[in-house]
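Note sheet for the following structure.
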Amino acid sequence: MSITVWQALEAGGRLEPATRPMLEPAADELVLEVLHCGLCHSDLSMLDNQWGMSNYPLVPGHEVVGRVVQVGTGVNPDLIGQLRGLGWISGSCSHCPQCLGGSGNLCASLEATIVGRQGGFSSHVTARQDWAIPLPAGMDPAAAGPLFCGGITVFAPLVDEAVSPTAHVAVIGIGGLGHMALQFARAWGCEVTALTTNLSKAEEARRFGAHHVEALERLAHLPGRFDLVINTVNHPLQWGDVMASLAPRGRLHQLGAVLDPIQVGAFDLIMGRRSITGSPTSSPASLLKMVDFCVRHNIRPEVEHLPMDRINDAIARLRQGDVRYRFVLDQT
Numbered sequence: 006m007s008i009t010v011w012q013a014l015e016a017g018g019r020l021e022p023a024t025r026p027m028l029e030p031a032a033d034e035l036v037l038e039v040l041h042c043g044l045c046h047s048d049l050s051m052l053d054n055q056w057g058m059s060n061y062p063l064v065p066g067h068e069v070v071g072r073v074v075q076v077g078t079g080v081n082p083d084l085i086g087q088l089r090g091l092g093w094i095s096g097s098c099s100h101c102p103q104c105l106g107g108s109g110n111l112c113a114s115l116e117a118t119i120v121g122r123q124g125g126f127s128s129h130v131t132a133r134q135d136w137a138i139p140l141p142a143g144m145d146p147a148a149a150g151p152l153f154c155g156g157i158t159v160f161a162p163l164v165d166e167a168v169s170p171t172a173h174v175a176v177i178g179i180g181g182l183g184h185m186a187l188q189f190a191r192a193w194g195c196e197v198t199a200l201t202t203n204l205s206k207a208e209e210a211r212r213f214g215a216h217h218v219e220a221l222e223r224l225a226h227l228p229g230r231f232d233l234v235i236n237t238v239n240h241p242l243q244w245g246d247v248m249a250s251l252a253p254r255g256r257l258h259q260l261g262a263v264l265d266p267i268q269v270g271a272f273d274l275i276m277g278r279r280s281i282t283g284s285p286t287s288s289p290a291s292l293l294k295m296v297d298f299c300v301r302h303n304i305r306p307e308v309e310h311l312p313m314d315r316i317n318d319a320i321a322r323l324r325q326g327d328v329r330y331r332f333v334l335d336q337t
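The numbers in the working numbering rise by one with no breaks, and the one at position 83 of the sequence shown is 88.
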C-alpha cells in the first residue's frame, strides 16, 4: 500500500502530488487518515524556510482532523475509527520534568508535525496518541482543524495564565488567529477590544465577540487600558505604544512570529510592573479543555473549504491575505 502527499521540493516551491510507502506507527503512535487539514501561516513560513529549519521535500499541514486507522504498540486498538485532531506538536518524550508537570509543549525533545516529519497535506499522518486529541460530540470535524494550532495558540494565554474573567483583553489582528481569540476572550467573560488596521472588519469583529473596535494607530491614545494584549500579527509595531496601553501588571502576549527584535525600553516594564510573554501552543490537557470549551460556547473557526488538490490556490490566496478567515483543505 502507498499514501499520497503534497510536497514542495525547494523553498517557496509549489506543492506537487507524490506517493510514499504506507506509514507504520511506532510504539505509542497512531496513524490518522486525513479528512480535513487547515492552512496556517506557519505552513507558509516553513515552505519558504523563513525560520531556517525546513527540510525538503517538505509536506506541510498541521491542523489535521482525521480518523484513526492503525495503532502502534501500547495504543488501545479500540481507538481505531475515532476522529482526532492534531496540531503543530505530534509528540514529546513523556518523561522529562516538563512533560510530567503538564507542560509537554515545552519538552526539549518536542516533535513538530511538519519539522522533519510528514504533515497533514497528505492522505495519512502519524502522531503520538496523547497529542492526537479526540473530538467531542457536537464538534463539526470539517471546521475543527484550525482549532488545533491557531485555536489553541490563542486559547493558551487565557487558560494557562489563569486570566481573570473581569480582565480587559485586546486582540491585535483580526485574521486567522485573531477571529478565534475574540471568540475565546468574550466567552471567557472578558471585556474585549479588537485592534485592527482595517476598520472595514469592525462589524465582523463585533460578531466574533469584540465589545469595542479601535484602529491600531490609535493605540497611543489608550494608555493604561488593557490587562492583556494578545498580538497575533507577525510584523513590527510601535512597541512603546503597545506597552503604554497596558494597565499596571498588564501583559503583552506575543504570538506573531516577528523576525525583528521587539524593542522595549526598560521603563516600559519597570513602571507599572508590565511584562511580555509568549507561548508555543499548549499541552494536551489544555487542548482537551479547549475543545470542550468550544462545544460549550459554540466557538468555531470561520473557514473556507477547498479540495486538497487546490492547495496551491489556497497558498497563493493566503499570501495575498485573501481569506475569511481560515482555509480548510478537504480530502475528496
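All residues carry an ideal CB built from backbone N, CA and C; glycine is no exception. The structure presented is a predicted model; accordingly, all values stated were derived computationally and were not measured.
ask   = Who are the near neighbours of Leu200 in its chain, counting only those whose CB is closer than 6 Å to its CB and skipping five residues on each side?
value = Cβ within range, chain order: Ala175, Ile177, Glu219, Leu221.
ask   = Assuming Leu28 and Thr131 make a contact with CB atoms under 8 Å, what is their CB distance in whole Å?
value = 5 Å
inquiry  = Using only the alpha-carbon positions, how far apart do Gly214 and Val269 sit?
reply    = Spanning the two alpha carbons is a distance of roughly 30 Å.
ask   = Using 8 Å as the Cβ pair cut-off and three pairs as the minimum, do the stretch 13–25 and the stretch 282–302 touch?
value = no
request  = Express the C-alpha separation of Val80 and Asp33 in angstroms, rounding to a whole number.
outcome  = 6 Å
task = Below 6 Å CB to CB, which residues in the same chain sit around Ser97 once its five sequence neighbours on both sides are set aside?
result = Cys104, Gly109, Cys112, Leu115
ask   = Does the beta-carbon of Ala137 have 16 or more other beta-carbons within 10 angstroms, so that it is buried, or is it exposed?
value = Ala137 is buried by the Cβ-count criterion.
ask   = To the nearest angstrom, how far is it from the Cα of Asn203 to the Cα of Asp232?
value = Each residue's alpha carbon lies about 23 Å from the other.
key: Candidates Gln12, Phe126, Ala186: closest to Val39 by CA position   = Phe126
request  = Let me know the alpha helix (DSSP H) ranges lying completely inside the stretch 133–194, each 4 residues or longer, listed in chain order.
outcome  = 146–149, 155–164, 183–193
key: Terminal residues of the beta strand (DSSP E) in which Pro253 lies   = 251–259
task = Kindly indicate which three-state DSSP category Val247 falls into: helix, strand or coil?
result = Annotated three-state conformation of Val247 is helix, per DSSP.
request  = Compare the Cα-Cα distances from Pro170 to each of Thr158, Val197, Leu152 and report the closest residue.
outcome  = It is Val197 whose Cα lies nearest to the Cα of Pro170.
ask   = So Ile119 and Thr286 are in contact, right, with Cβ under 8 Å, and what is the actual spacing, rounded?
value = That pair is no contact at about 13 Å.
Reduced DSSP category for Glu222 - H, G, I as helix; E, B as strand; rest coil = helix
query = In three-state terms, what does DSSP make of Asn110?
reply = The three-state secondary structure of Asn110, taken from DSSP, is helix.
key: Exposed unless 16 or more other CB atoms sit within 10 angstroms - verdict on Glu15   = exposed
task = Report the partner residues of Glu209 according to the DSSP bridge assignment.
result = BP columns for Glu209 are empty, so no partner.
message = If contacts are defined as beta-carbon pairs under 8 Å, then Arg89 and Gly71 qualify, I think. What distance do you get, rounded to the angstrom?
response = 6 Å
inquiry  = Among the candidates Pro30, Arg254, Val69, whose CA atom is the shortest distance from the CA of His41?
reply    = Val69
ask   = On the premise that Ala319 lies in contact with Leu338, defined as a C-beta separation below 8 Å, what is that separation, rounded to the nearest angstrom?
value = Residue 338 is absent from the structure shown; the chain starts at 6 and stops at 337.
query = How far does the alpha helix (DSSP H) with Asp297 in it reach, from first residue to last?
reply = 289–302
ask   = Below 8 Å between beta carbons: does that hold for Ala210 and Pro228?
value = no
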